[in-house]
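Here's the structure we're looking at; comments come further down.
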Amino acid sequence: MKQFHKFKLKNEYTKYALILIFTYIIKVMYFNFSTGMPLDKIKYCIVTVSVLVLLLTLLYKVRRGYIGVSILITFIMFGDLLYYRYFNDFLSVKLMNQATFVGSVTSIILSIVKVTDLLLFVDIIAFIMITKSKGTLQLFNHKLSFILTLIILPTIILSISFTSVWTGIKKYEFFNYHVYDLISLDPENNVMTSEIHNQLIDDMRQLHRESTYGDYFGIAKDKKNVIVIQIESLQNAMVNAFYNGQEITPNLNKIINQDSLYFSNYYQMIGKGNTSDAEFTSLNSLYAITSGNTYNVYEKNSFFGLPWIMRDHGYTASSYHGFEASFWNRVNIYPQIGFEDSHFDTDYVMGEKIGFGLDDHDFFEQTIPMLKAKEGKNFNFLVTLSSHKPFDLPEDKKWITLDEEDENFFGHYIQSVHYFDDALGKFIEDLKTEGLYEDSIIVLYGDHYAVGMEDDLALERMENFLGEPYTYEEMFNIPLIVHIPGSGLKETKTITGGQIDLLPTLMNILGIKNEYLTFGRDLLNSESGFVAAQTFMEKGSFIDDEKVFQISRDGVFENSIAYDRDTHEPIDIEQCRDEYERAIKAINLSKKVTETDSVLDIVNELQNKDSVYELE
0 MKQFHKFKLK NEYTKYALIL IFTYIIKVMY FNFSTGMPLD KIKYCIVTVS VLVLLLTLLY
60 KVRRGYIGVS ILITFIMFGD LLYYRYFNDF LSVKLMNQAT FVGSVTSIIL SIVKVTDLLL
120 FVDIIAFIMI TKSKGTLQLF NHKLSFILTL IILPTIILSI SFTSVWTGIK KYEFFNYHVY
180 DLISLDPENN VMTSEIHNQL IDDMRQLHRE STYGDYFGIA KDKKNVIVIQ IESLQNAMVN
240 AFYNGQEITP NLNKIINQDS LYFSNYYQMI GKGNTSDAEF TSLNSLYAIT SGNTYNVYEK
300 NSFFGLPWIM RDHGYTASSY HGFEASFWNR VNIYPQIGFE DSHFDTDYVM GEKIGFGLDD
360 HDFFEQTIPM LKAKEGKNFN FLVTLSSHKP FDLPEDKKWI TLDEEDENFF GHYIQSVHYF
420 DDALGKFIED LKTEGLYEDS IIVLYGDHYA VGMEDDLALE RMENFLGEPY TYEEMFNIPL
480 IVHIPGSGLK ETKTITGGQI DLLPTLMNIL GIKNEYLTFG RDLLNSESGF VAAQTFMEKG
540 SFIDDEKVFQ ISRDGVFENS IAYDRDTHEP IDIEQCRDEY ERAIKAINLS KKVTETDSVL
600 DIVNELQNKD SVYELE
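The following block contains the structure:
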């Protein structure tokens, strides 16, 4: 009888073990499918579940230890899931310094969390319920634990060691990804080899030969004020567009149609720093990194981008942003990239807060006196906020009448853009009233996308609005407008360009010879356009004037897709190999420059100077 009871008990514990393993499968499969794993979801599941079973096997007697490890793994997995929904990638240890921003973006996090995400915690809940009723969970004896370990460990080791067997496992299987992420924390190679250095110098000089003293050179050289406005979440789809007969951006449209150059095929080029990367790339013509946010990781680097260049040519350089100085580490990085003075939330009277920070109306209105107080030639960089996710405008500031089916994220985005546009119109009028307008050049561009691929309803409504499929190309498309009062210009430029091209393009317009380190090109004097992507679409992907190439997420060129930009018809990917290699080369070279803090050395050589420019 005693033996029968013992046999029954063992079967009971085996049942509980199987229940837990089943919850692992649910947890991991939910994670894999929710993050849109591109390949081998089942194979990746086998590896991840194997690791979880191994942990259970090794820690089955230590209830608190097991729960602690499980909770840690689950929260990392939950963080990966939320980050993937927003950035189409997993978290990295190098991104952990962004954890301090969580309090500021709580509303955004809540907007992408789903009730079904509780499935990630199903194994923990099951373990607690079982052990609470049964005490210490003797799922395995020592012999069985040893046997399971011998079976599972080789599975894990093989998956990590022989990655060619399961292509992409290093990047997409949960444990493999984070193991390799930790390994990548080894000190970076901070040496610029002579070969790479010479390659950079040759590339820069070739770019300079192609776009120096060309069309439009110096058309705004006599303007006293250069005002660059980075607009939060402004996608090009909103420009010159109507919603049920209502003009979404009437003031932007008015600017485009008078004294302006409008670049309609202009694209975001952010890394993992979102808005801060849009700033970094636009101001410095360098690619942002993807292993962290550039403003934090390289806060002590010496850069020589637009603020320094403008100062080099007699301008003062100032920045304006109605949010916390510490956010994105602006307080430390802005002096490094050349701003002499920066104005943040403490310099403004904080009225009604909209979404992320200071209301755009208040921001523009209070910035006007600061601009007017400056003497001489001035470069001013403004960053707006009101059209930031989750686009929750007060009811009295929603001026577009929406259809009922658009009373959601998508419709709220339209309202936010319309509200920003109204604030911009008032800002232009104030510039005129204060006598600043005629002597200014005003540059406007979007920082990054608003409607991503993570919200099915918003995606559906965007496609309904566009009347065509919503692709990454459309998602990345932001406007660039260069407004030069009195110029008589009214031109739309269709050349493909990105934020990395802003600096050389603006230098040409201001009559500044390009003898600096710029990975972008002057869009007004280039025969063709090219944008290399590295976020959402993996590194090696690109958009040019004719086609879109998206490298396969396993990194294998032959598994990639390419299509005609106008017709969206598939094209032979072999037509894309040269540009694919060009994209990777450019990003890698830029990364090396940033890693080795070599900007000033290269600028020095390009200018044939004997000493490196001294930062103040």
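Per numbering that gives the first Met the number 0, the very first residue in the sequence shown carries number 0; after that it's consecutive.
Every residue gets a Cβ at the ideal spot worked out from N, C-alpha and C, and that includes glycine.
Skipping 5 residues on each side, what residues in its chain have a beta carbon closer than 7 Å to that of residue i?
| i | result |
| --- | --- |
| T47 | V27, E172, F173 and F174 |
| I332 | Y294 and E298 |
| V606 | For the sequence presented, residue 606 should be read as Gln rather than Val. The answer, listed in chain order, is E514. |
| E604 | I200 |
| A219 | I440, I483, I508 and L509 |
| V330 | A324 |
| I254 | I480 and H482 |
| L435 | N224, L370 and K371 |
| I111 | L81, R84, Y85 and E453 |
| D405 | R460 |
Answer yes or no: do residue i and residue j have a C-beta to C-beta separation smaller than 7 Å?
| i | j | result |
| --- | --- | --- |
| S318 | S281 | no |
| D258 | P484 | yes |
| F363 | F426 | yes |
| G64 | L55 | no |
| A561 | F548 | yes |
| Q335 | I477 | no |
| L384 | F355 | yes |
| F380 | D344 | no |
| V481 | V442 | yes |
| N587 | D214 | no |
| M76 | F120 | no |
| D116 | T22 | no |
| S312 | I511 | It is His, not Ser, that sits at residue 312 in the sequence shown. Result yes, Cβ atoms of H312 and I511 sit closer than 7 Å. |
On the CB-based measure, 16 or more other CB atoms within 10 Å of its CB, does residue i come out buried or exposed?
| i | result |
| --- | --- |
| K271 | buried |
| K170 | buried |
| V348 | exposed |
| G337 | buried |
| N197 | exposed |
| I70 | exposed |
| F529 | buried |
| V114 | exposed |
| W398 | exposed |
| Q205 | exposed |
| L599 | buried |
| E194 | exposed |
| N250 | buried |
| R576 | exposed |
| V164 | Below a pLDDT of 50, predicted positions are generally treated as unreliable, and V164, at 43, falls in that range; the measurement from the model is reported next regardless. Answer is exposed; the Cβ neighbour count stays below 16. |
| L430 | buried |
| G375 | exposed |
| E278 | buried |
| N256 | exposed |
| T621 | The first residue shown for the chain is 0 and the last is 615, placing residue 621 beyond what the model contains. |
Measure the beta-carbon distance from residue i to residue j and round it to whole angstroms, keeping in mind my assumption that it falls under 8 Å.
| i | j | result |
| --- | --- | --- |
| L305 | K492 | Rounded, the Cβ-Cβ distance is 20 Å, inconsistent with contact. |
| S486 | K388 | Contact doesn't hold; Cβ gap of about 35 Å is too wide. |
| F89 | Y83 | 6 Å |
| F518 | L357 | Rounded, the Cβ-Cβ distance is 33 Å, inconsistent with contact. |
| H447 | N558 | The Cβ separation is near 27 Å, so there is no contact. |
| N283 | L522 | Not quite, the Cβ-Cβ distance comes to about 17 Å (not below 8 Å), so this is no contact. |
| F419 | F390 | At roughly 11 Å, the Cβ-Cβ gap does not stay under 8 Å, so F419 and F390 are not in contact. |
| L19 | F126 | 6 Å |
| R564 | E472 | 7 Å |
Starting from the C-beta of residue i, find all residues in its chain whose C-beta is less than 6 Å away, skip the five residues before and the five after it, and write them out in chain order.
| i | result |
| --- | --- |
| V602 | F303, Y515 and L516 |
| Q2 | Caution is warranted here: a pLDDT of 46 is assigned to Q2, below 50, making its placement in the model unreliable, and the coordinate value is therefore given only provisionally. Answer for Q2: no residue qualifies. |
| E544 | It should be pointed out that residue 544 corresponds to Asp in this sequence rather than to Glu. Correct list, in chain order: T495, S527 and G528. |
| H360 | A422 |
| A449 | S232, Q234 and Y412 |
| Y15 | I129 |
| W327 | S275 and Y294 |
| V101 | Low per-residue confidence applies at V101: pLDDT is 49, beneath 50, and the placement is therefore not dependable, though the value from the model is reported in the following sentence. None. |
| I288 | G270 |
| S386 | E231, S232, S415, V416 and F419 |
Whose C-beta lies closer than 8 Å to the C-beta of residue i among residues of the same chain, with five residues either side of it excluded?
| i | result |
| --- | --- |
| P468 | E462 and H567 |
| M474 | Q234, Y448, V450, G451, M452 and F535 |
| I550 | M536, E537, K538, G539, S540, F556, S559 and Y579 |
| N24 | A small correction: the amino acid at residue 24 is Ile; Asn does not occupy that position in the sequence shown. Hits under 8 Å: C44 and V48. |
Notebook entry, point to check: Can we say the segment 219–228 touches the segment 449–467, given the rule of at least three CB pairs closer than 8 Å?
Noted result: no
Check: Three or more C-beta pairs closer than 8 Å, one from the segment 568–575 and one from the segment 594–607: is that the case here?
Finding: Because the criterion of three Cβ pairs below 8 Å is not met, the segment 568–575 and the segment 594–607 do not touch.
Next item on the list: Spell out a yes or no on whether the segment 236–248 and the segment 402–416 are touching, meaning 3 or more CB-CB pairs, one atom from each, closer than 8 Å.
Entry: Segments in contact, yes.
Checklist line | Touch test, the segment 367–386 against the segment 241–250, Cβ-Cβ under 8 Å, three pairs minimum | finding: no
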